[in-house]
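Working notes, structure below.
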Amino acid sequence: MAGRGNFSNRLGFILAAAGSAVGLGNIWKFPFEVEAGGGAAFVLIYLIFCFLLCFPVMVTEIAIGRKTNKNAVGAFNALGYSKWNIIGKMGIVAGVVILSFYNVVAGWALGYFFEMAQGNFSVGKEFGSYVSNISTTGIYAVIFMALTAFVVSRGVSAGIEKGAKILMPTLIVMILGLLAYSLTLPNAMTGVKYYLIPEFGELNLKTIGGALRQSFFSLSLGMGTIITYGSYLSKKENIISSTVSVTLFDVGIAFLAGLMLFPLVAYSTGGDMSNIQGGAGLIFAALPSVFESLGAGLGSILGAFFFLLLSFAALTSTVSLLEVPVSYVVDEHKISRPKATAITAGVIFIAGLPSLVGNGYSEMFTSFVTYIGAEKPVGFMDFLGHLADCMLLLGGFLIVTFAGYVWKKENLNEEIAIGYEGYENSRVKIFIGFAVRYLCPALLGILFVMVVLSNFFGVDIIN
Ligand code: PHE
Numbered sequence: 096m097a098g099r100g101n102f103s104n105r106l107g108f109i110l111a112a113a114g115s116a117v118g119l120g121n122i123w124k125f126p127f128e129v130e131a132g133g134g135a136a137f138v139l140i141y142l143i144f145c146f147l148l149c150f151p152v153m154v155t156e157i158a159i160g161r162k163t164n165k166n167a168v169g170a171f172n173a174l175g176y177s178k179w180n181i182i183g184k185m186g187i188v189a190g191v192v193i194l195s196f197y198n199v200v201a202g203w204a205l206g207y208f209f210e211m212a213q214g215n216f217s218v219g220k221e222f223g224s225y226v227s228n229i230s231t232t233g234i235y236a237v238i239f240m241a242l243t244a245f246v247v248s249r250g251v252s253a254g255i256e257k258g259a260k261i262l263m264p265t266l267i268v269m270i271l272g273l274l275a276y277s278l279t280l281p282n283a284m285t286g287v288k289y290y291l292i293p294e295f296g297e298l299n300l301k302t303i304g305g306a307l308r309q310s311f312f313s314l315s316l317g318m319g320t321i322i323t324y325g326s327y328l329s330k331k332e333n334i335i336s337s338t339v340s341v342t343l344f345d346v347g348i349a350f351l352a353g354l355m356l357f358p359l360v361a362y363s364t365g366g367d368m369s370n371i372q373g374g375a376g377l378i379f380a381a382l383p384s385v386f387e388s389l390g391a392g393l394g395s396i397l398g399a400f401f402f403l404l405l406s407f408a409a410l411t412s413t414v415s416l417l418e419v420p421v422s423y424v425v426d427e428h429k430i431s432r433p434k435a436t437a438i439t440a441g442v443i444f445i446a447g448l449p450s451l452v453g454n455g456y457s458e459m460f461t462s463f464v465t466y467i468g469a470e471k472p473v474g475f476m477d478f479l480g481h482l483a484d485c486m487l488l489l490g491g492f493l494i495v496t497f498a499g500y501v502w503k504k505e506n507l508n509e510e511i512a513i514g515y516e517g518y519e520n521s522r523v524k525i526f527i528g529f530a531v532r533y534l535c536p537a538l539l540g541i542l543f544v545m546v547v548l549s550n551f552f553g554v555d556i557i558n
């Protein structure tokens, strides 16, 4: 398709897709999900899900996107199965839901950049009052959405690729540096053990379900982001090895972020892991005091740099979230890209207002709903998070089922073989065929139902 744009090369796609995958999900959400899931057992299950269940889903999404050169909805129409475009439509809704609250948290990260730069380390201890002050967080949320819209309006290769090329590698170096430092602190090993030595006695459906939700969220799967990005991938590229790179990148960064964080947490709680402040405040509460311990000058420079990078990582994800509805509107409704971007971003910002005020400012949205069987209510933002996670799982289930039974694995394989010479006789091909017909539909289907039951209705079949 003329004028639609392509990534300039393989690295461009990998960086952009990895940019979508790597974000607040890895550095902000992953650690508190680990904490909620009870530690190392969660980490192990998460890793298994990423490589076993998410891998075939990502391959399928890229193949559908590249084959059709279309957005998440148009792709199913182009394949001749327009009834199935409901997957893409649900993906658009999921993208809107996720971006609405994700943008708020991205705003916090941006705000923390300025706080650190001014040497205001006490913001960590005052996290609760920081996020309830919506005159500050609201401004950052506006700025963040505007930045996202700016990048998206310029189009994929120009806007997305360039930033990711520089920022992703810098982020890794920064995390490695903090990781090395965190391991030298008192009680560091308590944190490492918590993170790496599983206690399977504590395993329950919440842990398994949480790990599955997190794996889909972190890899940006199940909502058509990767279909959309795949549509900009050239036919010369190898889908399988691209998927391997993106997955390793994403999982690697999440893993390192956890390894960096739990020693810091153990340090700040004096080694008492039963007493962690979990939830959305985990990194925002724990990190400032660590930077403070580096001394005012160095701490403020490194702290500011860290939150700046986190903001950039978030930006490459918000861009991919906004790209899904925007590319749909541009392709299917023939509205110009800048106009489509402005309208969509505005709508999503407004949809994010309950999340903005749901962190202490408005009592109603802060204690929004108590799930059946739960003791405490969750806020609007957490509720949206859980809801979106479930939509991603359902989307993933439908995508592989579509590929395995409707579009058929022969067609999927034909697309994968383009750009991968030895694919015909490879083991990967056998695995993908098995995965899209049996492994993924069965496991994702069963787990989806179980996750919904355990998350919202308090049913735990394992315990
Ligand atoms: N994967 C992103 C993160 O971990 C979030 C995201 C989810 C982006 C779904 C796009 C689609 O931060």
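Per the working numbering, residue 96 is the first one in the sequence shown, and the count goes up by one each step. Ideal Cβ placement from N, Cα and C applies to all residues, glycine included. Please read all numbers here as calculations on a predicted model, not as lab measurements.
Can you tell me whether residue i is helix, strand or coil according to DSSP?
i: Val-473; result: strand
i: Asn-101; result: coil
i: Arg-432; result: helix
i: Met-96; result: For Met-96, the predicted structure reports a pLDDT of 36, less than 50, and the residue's modelled location is therefore unreliable. A value from the coordinates is still provided. It is coil, neither helix nor strand.
i: Gln-372; result: coil
i: Ile-238; result: helix
i: Asp-59; result: As shown, the chain starts at 96 and ends at 558. That puts residue 59 outside it, with no answer to give.
i: Met-545; result: helix
i: Lys-330; result: coil
i: Lys-257; result: helix
i: Glu-294; result: coil
i: Leu-110; result: helix
i: Tyr-276; result: helix
i: Leu-405; result: helix
If I follow the unbroken alpha helix (DSSP H) through residue i, where does it start and stop?
i: Thr-155; result: 150 to 163
i: Tyr-362; result: 334 to 363
i: Lys-288; result: 283 to 291
i: Glu-210; result: 181 to 212
i: Gly-553; result: Element bounds for Gly-553: n/a, residue is neither H nor E.
i: Glu-510; result: 504 to 512
i: Ile-522; result: Looking at the sequence shown, residue 522 is not Ile but Arg. Arg-522 -> alpha helix (DSSP H) spans 522 to 529.
i: Val-129; result: 125 to 131
i: Glu-387; result: 377 to 387
i: Phe-137; result: 135 to 144
i: Asn-172; result: 169 to 173
i: Gly-223; result: 222 to 227
Looking at C-alpha atoms only, which residue of the options is the closest neighbour of residue i?
i: Lys-330; options: Ala-537, Lys-162 and Gly-120; result: Lys-162
i: Met-476; options: Val-546, Val-218, Gly-374 and Ile-159; result: Gly-374
i: Ile-494; options: Ala-136, Leu-148, Gly-118 and Glu-130; result: Leu-148
i: Ala-129; options: Thr-265, Ile-292 and Gln-213; result: For the sequence presented, residue 129 should be read as Val rather than Ala. When only C-alpha atoms are compared, the closest one is Ile-292.
i: Gly-468; options: Gly-553, Ile-322, Glu-516 and Val-154; result: Gly-553
i: Ser-415; options: Val-547, Leu-507 and Met-240; result: Met-240
i: Phe-379; options: Ala-512, Leu-205 and Leu-307; result: Leu-205
i: Ala-361; options: Leu-351, Thr-285 and Asp-345; result: Thr-285
i: His-428; options: Gly-169, Asn-550 and Gly-453; result: Gly-169
i: Ile-525; options: Leu-142, Pro-151 and Ala-111; result: Pro-151
i: Leu-482; options: Gly-455, Cys-535 and Val-547; result: Val-547
i: Gly-303; options: Tyr-141, Tyr-456, Phe-400 and Ile-371; result: Note on identity: in this sequence residue 303 is Ile, with Gly being the wrong assignment. Selected option, being the one with the closest Cα: Tyr-141.
i: Ser-388; options: Phe-463, Tyr-276, Gly-474 and Ala-306; result: Tyr-276
Could you name the residues that DSSP lists as bridge partners for residue i?
i: Val-464; result: Val-473
I think residue i touches residue j, with their Cβ atoms under 8 Å apart; what is that distance to the nearest whole Å?
i: Ala-259; j: Thr-411; result: 5 Å
i: Val-341; j: Ala-112; result: 5 Å
For the ligand GTP, I want to know if residue i counts as a neighbour, meaning its beta carbon is within less than 8 Å of at least one of the ligand's heavy atoms.
i: Leu-316; result: What this structure holds is the ligand PHE, not the ligand GTP.
Of all Cβ atoms in chain C, is any one closer than 9 Å to the Cβ of residue i?
i: Gln-213; result: This model lacks chain C altogether; it includes just one protein chain.
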